[in-house]
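**Q**
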Amino acid sequence: MKVNFINPVLKSTLIVFSTMAHIEPQVGSPEVKKNLQSVQGKNITGLMDMVGAKGKASIALTFSESAILLVAKNMMPPDSVGTAIDGMVIDLVGELANMVLGGAKSELENEGYLFKLSLPTIIFGSDYLITHKTNTPIIRLPFTMPVGEFFLEAGYEETNSQKE
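For the sequence shown, our numbering gives the first residue as 28, with consecutive numbering after it.
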């Protein structure tokens, strides 16, 4: 995957969490996701795709339950967040995916990449697979927070029209 694709996604992730949730997550070491590597434990994922003339991309934000509840408590009215993932938290995950990808899209457009964004798909449960709609290696970036963890998965695939 091209660094000029992943860097705007990473930058947007850090901006969204610091400005919207007042959290400065610590970024771990990136790794290439292994095929059929499932998400272990109880988690929630916001999955989005971007399609453009030069290529297509797939982004997933996956949160442990404790991580997304911390984010929700920092972003929502104090008495509106419970002790488990509910409908409002599910909507928040979709909105976080929108904000991260929207921020990355703006920066990528400055580099000549024009994309249309899909609506987020939310996956919630225990021990599930995240399937990306690209035929390229997926980079996985782990993040730690004061409570819980989350990870970002991103893949970018150029189309044949780009490889002239």
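Think of the CB as a built atom: it goes at the ideal place given N, C-alpha and C, for glycine as much as any other residue.
Express the C-alpha separation of glutamate 185 and serine 45 in angstroms, rounding to a whole number.
**A** Here residue 45 refers to the residue found at position 18 when the sequence shown is read from its first residue. Here residue 185 refers to the residue found at position 158 when the sequence shown is read from its first residue. Approximately 31 angstroms, taken between the alpha carbons.
**Q** Alpha carbon to alpha carbon, how far is leucine 119 from alanine 131? Give it in angstroms, no decimals.
**A** In the sequence shown, counting from the first residue as 1, residue 131 sits at position 104. In the sequence shown, counting from the first residue as 1, residue 119 sits at position 92. In a straight line, the C-alpha of alanine 131 is about 18 angstroms away from that of leucine 119.
**Q** Taking glycine 68 as the reference, which of Thr163, Gly55, Leu156 has the closest Cα?
**A** As a working note, residue 68 is residue 41 in the sequence shown. It is Leu156 whose Cα lies nearest to the Cα of glycine 68.
**Q** From this set, Val78, Met47, Thr72, Gly55, which residue's C-alpha is nearest glutamate 136's C-alpha?
**A** The residue given as residue 136 occupies position 109 in the sequence shown. Nearest option by C-alpha distance: Val78.
**Q** Based on the DSSP secondary-structure assignment, which residues constitute the bridge partners of glycine 182?
**A** Residue mapping note: residue 182 aligns to position 155 of the sequence shown, counting from 1. Per DSSP, Ser85.
**Q** Could you say which of Thr89, Lys143, Ala111 lies nearest to threonine 158 if we only look at CA atoms?
**A** Within the sequence shown, numbered from 1, the residue matching residue 158 stands at position 131. Of Thr89, Lys143, Ala111, the residue nearest in Cα terms is Thr89.
**Q** Give the straight-line distance between the Cα atoms of isoleucine 109 and methionine 102, rounded to the nearest whole angstrom.
**A** Within the sequence shown, residue 109 is the residue found at index 82, counting from 1. Within the sequence shown, residue 102 is the residue found at index 75, counting from 1. In the sequence as presented, isoleucine is not what sits at residue 109; that position holds glycine. So the alpha carbons of these two residues sit roughly 13 angstroms apart.
**Q** Would you report the Cα separation of leucine 123 and leucine 146, rounded to the nearest angstrom?
**A** What you label residue 123 is simply residue 96 of the sequence shown in a count that begins at 1. What you label residue 146 is simply residue 119 of the sequence shown in a count that begins at 1. Using only the alpha carbons, I get a separation of about 12 angstroms.
**Q** Count the other CB atoms within 10 Å of the CB of leucine 179; is the residue buried (16 or more) or exposed (fewer)?
**A** Here residue 179 is taken as the residue at index 152 of the sequence shown, counted from 1. The residue is buried, with at least 16 neighbouring Cβ atoms inside 10 Å.
**Q** For the stretch 46 to 114, list the beta strand (DSSP E) runs that are entirely contained and at least 3 residues long, ordered along the chain.
**A** Fully enclosed beta strand (DSSP E) runs of 3 or longer: 66 to 79, 82 to 91.
**Q** Who are the Cβ neighbours of alanine 99 in its own chain at under 7 angstroms, not counting the five residues just before and after it?
**A** Looking up residue 99 in the sequence shown gives position 72. So the list reads Val108, Val116, Leu119, once near-sequence residues are dropped.
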